[in-house]
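Written below as structure tokens is the structure these notes are about.
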Amino acid sequence: MALTREERKLLHQKSQQPTFGSGKPNDDDGFNGDISYRKVEGSGTVQYLKENNSWTAISSSGEMPPIRVAGGGGGGGSSSSGVTSHNDLTSLSTDDHVQYLLIDGSRAMTGDLSLGGGDGALTFTVAGENSIKIPDNQASALIIEEANTAYLTFVTTNSGEKMQFHKALDIDAVSDFGSNAMTNVNIDSGAIDGTAIGANSHSTIKGTTIDATTDFTIDGLVITADTITNDAALTVDAAGDIILDANSGVTKFYLAGDTDDLCTLTVAANGATTIATNDIDGTAGDLTLDADGDIIIDAAGYDIYFKNGGYERLRMDTDASPTLAVTGAFTIEGSASITLTSITDFIVNTRGSERMFVDDDGSIFLHDYAQNLNNNNYGINNKKDLYHFTTGNGDFSQNYTIISEYEVLSAGQFEAYPS
Numbered sequence: 001m002a003l004t005r006e007e008r009k010l011l012h013q014k015s016q017q018p019t020f021g022s023g024k025p026n027d028d029d030g031f032n033g034d035i036s037y038r039k040v041e042g043s044g045t046v047q048y049l050k051e052n053n054s055w056t057a058i059s060s061s062g063e064m065p066p067i068r069v070a071g072g073g074g075g076g077g078s079s080s081s082g083v084t085s086h087n088d089l090t091s092l093s094t095d096d097h098v099q100y101l102l103i104d105g106s107r108a109m110t111g112d113l114s115l116g117g118g119d120g121a122l123t124f125t126v127a128g129e130n131s132i133k134i135p136d137n138q139a140s141a142l143i144i145e146e147a148n149t150a151y152l153t154f155v156t157t158n159s160g161e162k163m164q165f166h167k168a169l170d171i172d173a174v175s176d177f178g179s180n181a182m183t184n185v186n187i188d189s190g191a192i193d194g195t196a197i198g199a200n201s202h203s204t205i206k207g208t209t210i211d212a213t214t215d216f217t218i219d220g221l222v223i224t225a226d227t228i229t230n231d232a233a234l235t236v237d238a239a240g241d242i243i244l245d246a247n248s249g250v251t252k253f254y255l256a257g258d259t260d261d262l263c264t265l266t267v268a269a270n271g272a273t274t275i276a277t278n279d280i281d282g283t284a285g286d287l288t289l290d291a292d293g294d295i296i297i298d299a300a301g302y303d304i305y306f307k308n309g310g311y312e313r314l315r316m317d318t319d320a321s322p323t324l325a326v327t328g329a330f331t332i333e334g335s336a337s338i339t340l341t342s343i344t345d346f347i348v349n350t351r352g353s354e355r356m357f358v359d360d361d362g363s364i365f366l367h368d369y370a371q372n373l374n375n376n377n378y379g380i381n382n383k384k385d386l387y388h389f390t391t392g393n394g395d396f397s398q399n400y401t402i403i404s405e406y407e408v409l410s411a412g413q414f415e416a417y418p419s
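In the numbering used here, the protein residues as written are 1 to 419.
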């Protein structure tokens, strides 16, 4: 039975409404001008338009189907032929889809690009030079960041070009800085190997340990495992103490002209210190103290010893009553005058007895003279056994001899009888 005019009108209106389904629509379904939205595996939701009795995919929420012209599918009806090769498509060179990137890069992106790939998401395939170009004269021409936290900033401002690292830099390979200056570098760990420090411009090196596996040279100063040598004068200048510590019970320091002629400074237990010279010939190992000012010897133990080959010859006791003790014969020999000065009494003792005494008045008393005379203001007072007094030269031609006898009258008095 044929459709009435109203039924045909309603059927036409119904065909203009979009349809929904799964899979590609069959060409037997619908009319030219119909639109159908279909869920297609691998493409998401695909919008189809029927024209020339065939369904054509015109958009997709995912990737477009390989061929935009459907050849049948979802309805299970007959298939239709379509374009199966992009080379057969027409108007491919017409740039009428501005939402797509051009392969020759002639149209720049206006928004952000998000790459969803993993390893190799951005790959350069040219065997020659590949580059990423950034704008010139920009304070932050390119920023590599995580969220809004900058890791690396490329600065292209004129005469101020640089890369700023905002996070720790861990270089896991040998690096060459091309002899360029590095300023404000704080090296807190690791090692600096096989390179000169301060080769052209010297400054300060501060540290705690220098561990050299071979000879260590500082501007002509060579430090080996057990020797310090220098080709010129060597100066040690310290604002504080200079401490040489051999870290042993006995410490010996050598000042050597050569291996046979040297001076040693030996420090033993309790700080006992010996300065010794050695001459291989044993004749000229002098030790000279030459000072522009005073030479001060301060012995808290009071005694100062002068020895010969280990044997004591002189000992100076520097207590409140100083004493010069001599072992062996003692001679005072002067090339000019010898003056002995005392502000009080002057006493000469030999063999345990007083031989001469000079008092504050200048009177000389010989042989322990202690008589209390009526008048004792004699210049020389002599108490010698038998009271024998002789003067003159050796051949007695100018001798004057007095032999006296005496008689004791009372205590403290006597009379002499010269003869």
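Here a beta-carbon is modelled for each residue, glycine too, at the ideal position from N, C-alpha and C.
- Cα atoms of Glu333 and Ala325: separation of roughly 17 Å, rounded to the nearest angstrom.
- Annotation: Arg38 to Ile103 spans about 30 Å, alpha carbon to alpha carbon.
- With fewer than 16 other Cβ atoms from the protein chains shown falling within 10 Å of its own Cβ, Val222 counts as exposed.
- Under the three-state reduction of DSSP output, Gly44 falls in the strand class.
- Within the DSSP secondary-structure output, Gln164 pairs in a beta bridge with Thr153.
- Among the bridge pairs identified by DSSP, Asp303 is matched with Asp317.
- DSSP places Ala276 in the uninterrupted beta strand (DSSP E) bounded by 273 to 278.
- DSSP lists Thr264 as the beta-bridge partner residues of Tyr254.
- A residue is called buried once 16 or more other Cβ atoms fall within 10 Å of its Cβ, and Ser36 is buried on that count.
- Around Ile338, the same chain offers Ile332 as residues with beta carbons nearer than 7 Å, after the five sequence neighbours per side are excluded.
- Separation of the CB atoms of Gly285 and Thr277 is rounded to 4 Å, and the pair is thereby assigned contact status at 8 Å.
- Partner residues in the beta bridge of Thr323, as assigned by DSSP, are Asp317.
- Between Met109 and Leu101 a beta carbon distance of about 7 Å is seen, short of the 8 Å cut, so the two are scored as contacting.
- As DSSP reads the structure, Gly21 sits in a beta bridge with Arg38.
- Here Asn349 carries a strand assignment [DSSP, helix/strand/coil].
- In this model, Gly23 and Thr94 are separated by some 30 Å (Cα to Cα).
- With fewer than three CB-CB distances shorter than 8 Å, the region 310 to 326 does not count as touching the region 336 to 356.
- The alpha carbon of Ala57 has as its nearest neighbour, out of Ala232, Pro25, Asp188, the alpha carbon of Pro25.
- Excluding its 5 nearest sequence neighbours in each direction, Gln164 has C-beta neighbours in its own chain below 6 Å: Thr153, listed in chain order.
- Nearest to Ile218 by alpha-carbon distance, out of His202, Val185, Thr208, is His202.
- Take Glu51, set aside five residues on each side of it, and the residues of its chain with a beta-carbon closer than 8 Å to its own are Asn32, Gly33, in chain order.
- Straight through space, the alpha carbons of Thr227 and Phe253 are spaced by roughly 12 Å.
- The alpha-carbon of Ser131 is positioned some 53 Å away from that of Asp29.
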